[in-house]
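Quick note, the first sequence lines up with residues 6 to 115 if you use the numbering used here.
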Amino acid sequence: MGPNPKRLLKRAEFLAVRRGEKRRGRLFLVEVLDRGDGLSPRVGYTVTKKVGNAVARNRIRRRLREAVRTHAAGDMEPGNDYVIVGREDVLTIPFGQLKAELSRRLRGTR
RNA sequence: CCAGCUGGCCGGGCGGCCGCACCCGCGAAGCCGAAAGGCUGCGGGUGAGGAAAGUCCGGGCUCCAUGGAGACACGGUGCCGGUUAAUGGCCGGCGGGGGCGACCCCAGGGAAAGUGCCACAGAAAGCAAACCGCCAUGGUCUACCGUGGCAAGGGUGAAAGGGUGGGGUAAGAGCCCACCGCGCGACUGGCAACAGGAGCGGCACGGUAAACCCCACCGGGAGCAAGACCGAAUAGGGACGGUGCGAGGGGAAACCCUCGGGGGCUGUUUCCGGCCCACCGUCCGGGUAGGUUGCGUGAGGCGCAUGGCGACAUGCGCCCAAGAUGAAUGGCCGCCACGUUCUCGCUCCGCAAGGAGCGAGGGCCAUACAGAACCCGGCUUACAGGCCAGCUGGCAAU
RNA sequence: UCCCGCUUCGUCUAAUGGUAGGACAGCGCCCUUUGAAGGCGUGAAUCGUGGUUCGAGUCCAUGAGCGGGAA
6 MGPNPKRLLK
16 RAEFLAVRRG
26 EKRRGRLFLV
36 EVLDRGDGLS
46 PRVGYTVTKK
56 VGNAVARNRI
66 RRRLREAVRT
76 HAAGDMEPGN
86 DYVIVGREDV
96 LTIPFGQLKA
106 ELSRRLRGTR
């Protein structure tokens, strides 16, 4: 378990990461961009309005954030920016599966 | 006990581990900074709702517009009175409709200011008229036609110009009469809406204003992405100053020195000027990204008393209670309550099928609707489950 | 967070308050050796719930859904 990574907060930063590698999955889409500076990794979360109402969107983002904090932070490469786009299934899947899947995706193994 | 009506309230509890945001405190620990201070650290406190939702109304607040007032246009509201900062909300009353009842529902001003519309059907849809009819009379009096009288009956329609009964008549008709309905209405009660109503009128006035409209009242527009402040990088704007070409010399270079001559355009040439271009430097202003603020003491909450049928008002006391901005208030777990379902046992009712209650054990769910975004007052919509009070109808018992 | 607009057959579109029409697509039949084209026929809709009206796709109220604009 690594330190809790920095957050992406600005729209411009999110748009920049969109140019990077995209890893699609059943639970979420992960976008990765190497900033090239070798500093600590950063992560941002996107949950679109299509997924549900505000309660559902908040819960998806919080579960993803918790999974990153407790388990998957150490799987991030220094110098990378990650954007995790949560899908509807994040709401219902058991937390253990969510952590395993997220960790696998962040390491980039298929 | 069953069925129902109305009003109000709650909308999981306790605990463990790991986290988030803001605020307060502690530092002679570290880093950044000239400083103020900030970041990391430690401790403590606080941290979503009854609808935070929809954005349907009303305000506060901010900016813009506006000399004052009125008229017109446009939009909204629409029984009466009260309440409130204000409302289209709320309270009370009135009128109409529904329900055995508690109670519920209603945009509920004006159709006698005017205009429009009322499809199809029907003779006729708003000036009253007359298709089939009825009656009288005339014609070559069976059947048909003409003239005159009538509007009871038939038929159409959502709606056809009072209803029932009697008198009356050639046939009929408020033509006359009784009752009912309708219209006007002195007067009485009420602040008013409205209610009652002596008397008068043979009946005249169809519906539609959520059609135009008339009347009364209200309304300037936009919205915290309002507005205010600070302000990179890049590009561009303005002001000031300098340089610009050629030759020679020095120097590694930047550059310096000397001489000629001031880059381009222009006023006829010179003097003296003006304008433009490129580069460099300094300064200024607008302003993007970004940041700070607005940003929580408010028509605030709770309790008590008084006035009022009530909405509410007044007084006193206590309390300070979220503040994010790709957006904090979470993740995982344990126990319990409530709920639901299954099994077993006991009791009661029943011929039986089965039903009710109590106890034990197991499973499920561990909650529904839903997340503050400047702030309030309402309305509307969504919602698992539960609690309290009052009232109505029925059954039983006393 | 705020401000606008729109919802009619499967799709695209009409309809002064008076039987919801048309095109394409679908299905059936005819024509053809078969198919296409063509012709004939046929099913299919007013976003939901209330209200006004004799009568509502249209008017009013209130919800739902979809789309757009303001960083």
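Beta carbons are placed, not taken as given, at the ideal position from N, Cα and C, and that holds for glycine.
DSSP lists F33 as the beta-bridge partner residues of G91. For a cut-off of 8 angstroms, the C-beta gap from L96 to R66 is around 11 angstroms, too long to register as a contact. Between G84 and L44, the C-beta spacing is below 8 angstroms. G113: not part of any beta strand (DSSP E); DSSP gives it neither H nor E. With contacts defined as CB atoms closer than 8 angstroms, Y50 and R70 qualify as a contacting pair. G101 counts as exposed, since fewer than 16 other C-beta atoms from the protein chains shown sit within 10 angstroms of its C-beta.
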